[in-house]
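Residue numbers 18 to 95, in the numbering used here, belong to the letters of the sequence shown in order. Glycine residues also receive a C-beta, built at the ideal position from the N, C-alpha and C atoms.
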Amino acid sequence: YIEEANTSLDYEKHKSALWKLQAKIYDEQPYVFMYASKNKIAISKRFDNRNMYTERPGVILNNLKINNKNLVPTTGEK
18 YIEEANTSLD YEKHKSALWK LQAKIYDEQP YVFMYASKNK IAISKRFDNR
68 NMYTERPGVI LNNLKINNKN LVPTTGEK
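What follows is the structure in structure tokens.
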């Protein structure tokens, strides 16, 4: 149905293919998502233990540990 919807130039055939695709997805879905979070979270790769959680706030900041492998020592001079 996806290919038919993407290649059809006729509006009615395109719409029909999309309806068939949506019906198939509805029939074969393993579970129903009741909601989706609108929040976006980004965690730097410099942290070793990056974990995301479904409950708020989504990440526990005091669990983050800095990865010491990529740190560059500084002299402290300006």
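Cβ-based neighbour list, residue i, same chain, cut-off 8 angstroms, excluding 5 preceding and 5 following
i     : result
ASN84 : LYS62, ARG63, PHE64 and ASP65
LYS82 : PHE64, ASP65 and ASN66
SER25 : HIS31 and ALA34
C-beta atoms of residue i and residue j nearer than 7 angstroms
i     : j     : result
ALA22 : ALA40 : no
ILE60 : ARG67 : yes
Cβ neighbours of residue i in the same chain (closer than 6 angstroms, five flanking residues each side left out)
i     : result
LYS37 : TYR18
Cβ neighbours of residue i in the same chain (closer than 7 angstroms, five flanking residues each side left out)
i     : result
ASP27 : none
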